Structures are given as C-alpha cells and as structure tokens.
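Working notes, beginning with the structure itself.
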Amino acid sequence: MNNKGEQLYTGKAKSIYATDKPDEVIMEFRDDATAFNAEKHAVIQLKGRINQAINTHIMAALAHANIKTHFIKSLSATESLVKLLEMIPLECVVRNIAAGSLCRRLGIEEGREFDSPVFEFFLKSDSLGDPMINESHILTFGWATPEAIATVKKLSLQINTIIKPLFREANLLLVDFKLEFGYIDGEIVLGDEITPDGCRLWDAETKEKFDKDRFRFDLGDVTEGYREVAQRLNLTW
Ligand code: UDP
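As structure tokens, then:
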C-alpha cells in the first residue's frame with residue numbers, strides 16, 4: 010500500500026506527500042505553471058497528466074541505461090512513487106543549442122548548435138532568483154563536495170547522451186534542460202523531473218517550441234505543445 014499521507018512540500022508545479030514508508034514519497038504533478046520567479050502564474054489544463062506521462066517514460070529510459078533515479082513507479086495519472094532524497098541545492102543545466110538565459114547573458118544568437126554540450130550550475134534559491142554560480146562558489150559556501158560536483162556533472166552529460174537521441178527519434182531537438190540530484194544512502198541519484206517544464210524542446214525542422222517557453226512568452230496553446238511532445242513519444246496520459 011502507498012497510502013497518501015500529509016503534504017510535505019508544495020512547489021510551483023509539483024507537490025510531495027508522505028507515504029507509510031519514511032523513505033518513499035508521492036510526487037504529484039499539478040496543472041499549475043509559473044515563470045519569471047513566480048511573477049506569472051496560470052493553470053494549464055492537462056499539464057500534470059502529460060508531464061507525469063513524459064517523466065515516467067524518461068525515467069524508465071534512464072533506468073534502462075543504468076542511470077539511478079528516485080523514480081519507483083507511477084501510481085495514478087498525476088502521481089508517482091519516488092524515493093525521498095536529501096537534495097543537493099544545485100540546478101544542473103545542460104545545453105545543446107543556445108536559448109534562454111545563455112543568449113541573454115552572453116549575447117549568443119538563439120539556435121546556435123554547440124559542438125559539445127555546455128554545462129552550467131545555478132543555485133536553487135527562489136529568493137535569489139536561482140543565480141548562476143561556479144564550482145568555486147559551491148566549494149566555498151559548502152553547497153556540495155568536490156566529489157559531488159564531479160558526479161553530478163558526469164551524470165548530467167551522460168543523461169544528455171541518453172535522452173537527446175530519444176527526443177531526436179521523435180523529431181524533437183533537446184535544446185537544454187535542468188536536472189536536480191540528491192543523496193540516498195550516501196549515493197547521488199537523479200531527482201525531480203524531466204518534462205517540458207524543465208526542458209526546451211523544438212521541432213527538428215520548423216524549430217517550433219513545444220516547451221514552457223510557450224507559457225513564458227505567450228507563444229501559443231501550452232497544453233498543445235506538451236501534448237505534441239507526449240504524442241511524438243507515443244505516450245498516453
Ligand atoms: N530551468 C528550469 N528551472 C529553472 C530555470 C531553468 O527548469 O528554475 C530550465 C529551463 O526550462 C531551460 C533550462 O533550464 O530548459 C535552461 O534555462 P535558462 O538558464 O535558459 O533560463 P530561462 O531562460 O528559462 O530563465
């Protein structure tokens with residue numbers, strides 16, 4: 010039994026609930042969307058269900074490739090059972106194509122493809138607006154150990170090599186994405202989610218955007234974009 014207990018945490022698009030087991034929690038995908046540090050909010054019909062389907066698919070593909078994640082199993086259309094992790098307060102971003110904050114920060118034109126992926130760290134802090142940081146900051150302020158830094162970088166790039174072709178087969182370009190990691194029994198595993206809320210996904214030919222940028226910049230029906238990703242991956246929700 011995985012009885013849904015008290016709500017332990019509620020974030021911008023997901024909520025976490027206790028279960029009967031202290032080391033397992035329920036992760037619920039909601040229809041809420043926020044952007045620009047929660048200045049913009051909306052309810053996007055079906056987003057929770059579609060994200061649950063996409064995340065379940067990606068986590069299964071990673072498990073198949075021997076990448077350890079917190080994911081245990083899907084419980085319902087919007088809920089997954091996951092292992093409780095002690096989260097590392099970092100956002101690991103992998104970029105294959107220039108977009109978003111990289112373009113704003115460095116003046117690189119959107120759409121430029123990189124010969125090899127760019128890796129960036131951001132501090133997970135809503136109050137500070139998730140600032141970009143480097144390894145020196147992480148070590149100085151004790152946000153992660155040198156070993157953890159090396160592990161999350163290596164895992165992030167490995168995950169990119171697994172999921173980039175998975176999306177490419179669905180005629181989608183994986184432009185960039187954000188990962189979060191945590192500890193379980195002293196080992197670092199992937200936590201959080203891999204969905205269009207935290208990935209940029211473009212049509213391989215037209216470069217049409219199917220991810221959260223539709224919501225951020227009012228580029229069209231958001232549910233339609235997410236639905237397109239799930240459909241191309243042959244998922245139901
Ligand atoms: N991202 C995320 N959560 C954040 C910040 C970024 O999931 O708090 C994702 C974002 O969706 C994109 C990638 O990380 O796929 C890189 O985001 P970027 O640094 O370009 O920031 P943005 O332009 O979204 O502010």
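Numbering (the numbering used here), first residue to last: 10 to 246. Here a beta-carbon is modelled for each residue, glycine too, at the ideal position from N, C-alpha and C. Bear in mind that the values here come from a model prediction, so they are computed numbers and not experimental data.
Query raised in the report: How about residue 244: is its Cβ closer than 7 Å to a heavy atom in the ligand UDP?
Result: One-based indexing of the sequence shown puts residue 244 at position 235. The answer is no for residue 244.
Query raised in the report: Would you call the stretch 112-124 and the stretch 81-94 in contact, with 3 or more CB pairs under 8 Å?
Result: Touching, no.
Requested in this report: Taking only heavy atoms of the ligand UDP into account, decide whether any of them is closer than 7 Å to the Cβ of residue 100.
Outcome: Residue 100 sits at position 91 when you count from the first residue of the sequence shown. Placement of the Cβ of residue 100 at a distance of less than 7 Å from at least one heavy atom of the ligand UDP is found.
**Report entry** Given 8 Å, three or more beta-carbon pairs between the stretch 129-139 and the stretch 168-181
**Finding:** By the Cβ criterion, the stretch 129-139 is not in contact with the stretch 168-181, since fewer than three pairs of Cβ atoms, one from each stretch, lie closer than 8 Å.
Requested in this report: Would you tell me roughly how many angstroms separate the C-alpha atoms of residue 219 and residue 205, rounded to the nearest one?
Outcome: As a working mapping, residue 219 is identified with position 210 in the sequence shown. As a working mapping, residue 205 is identified with position 196 in the sequence shown. Cα to Cα, the separation comes out at about 7 Å.
Query raised in the report: Taking 7 Å as the cut-off, is the CB of residue 22 close to at least one heavy atom of the ligand UDP?
Result: Your numbering for residue 22 matches position 13 in the sequence shown. Because no heavy atom of the ligand UDP lies under 7 Å away, the Cβ of residue 22 does not count as near it: no.
Requested in this report: Compare the beta carbon distance of residue 232 and residue 56 with 8 Å and say whether it is the shorter of the two.
Outcome: The sequence position of residue 232 within the sequence shown is 223, counting from 1. The sequence position of residue 56 within the sequence shown is 47, counting from 1. It is a contact, given that the beta carbons lie within the stated cut-off.
Query raised in the report: Sorry if obvious, but does the Cβ on residue 187 come closer than 7 Å to a heavy atom of the ligand UDP?
Result: Here the question's residue 187 lines up with position 178 in the sequence shown. Yes, Cβ of residue 187 sits closer than 7 Å to a heavy atom of the ligand UDP.
**Report entry** Extent of the continuous alpha helix (DSSP H) run through residue 173
**Finding:** The sequence position of residue 173 within the sequence shown is 164, counting from 1. 155-177 is the extent of the alpha helix (DSSP H) around residue 173.
**Report entry** Status (buried if at least 16 other CB within 10 Å, exposed otherwise) for residue 222
**Finding:** For this step, residue 222 is matched to residue 213 along the sequence shown. Buried: at least 16 other Cβ atoms inside 10 Å.
Report task. Would you kindly check if the distance between the Cβ of residue 105 and the Cβ of residue 123 is under 8 Å? Result -> Here residue 123 refers to the residue found at position 114 of the sequence shown. Here residue 105 refers to the residue found at position 96 of the sequence shown. Yes; because the gap between Cβ atoms is below 8 Å, this pair is in contact.
Report task. Return helix, strand or coil for residue 50, following the three-state DSSP convention. Result -> Against the sequence shown, residue 50 aligns to sequence position 41. Strand at residue 50.
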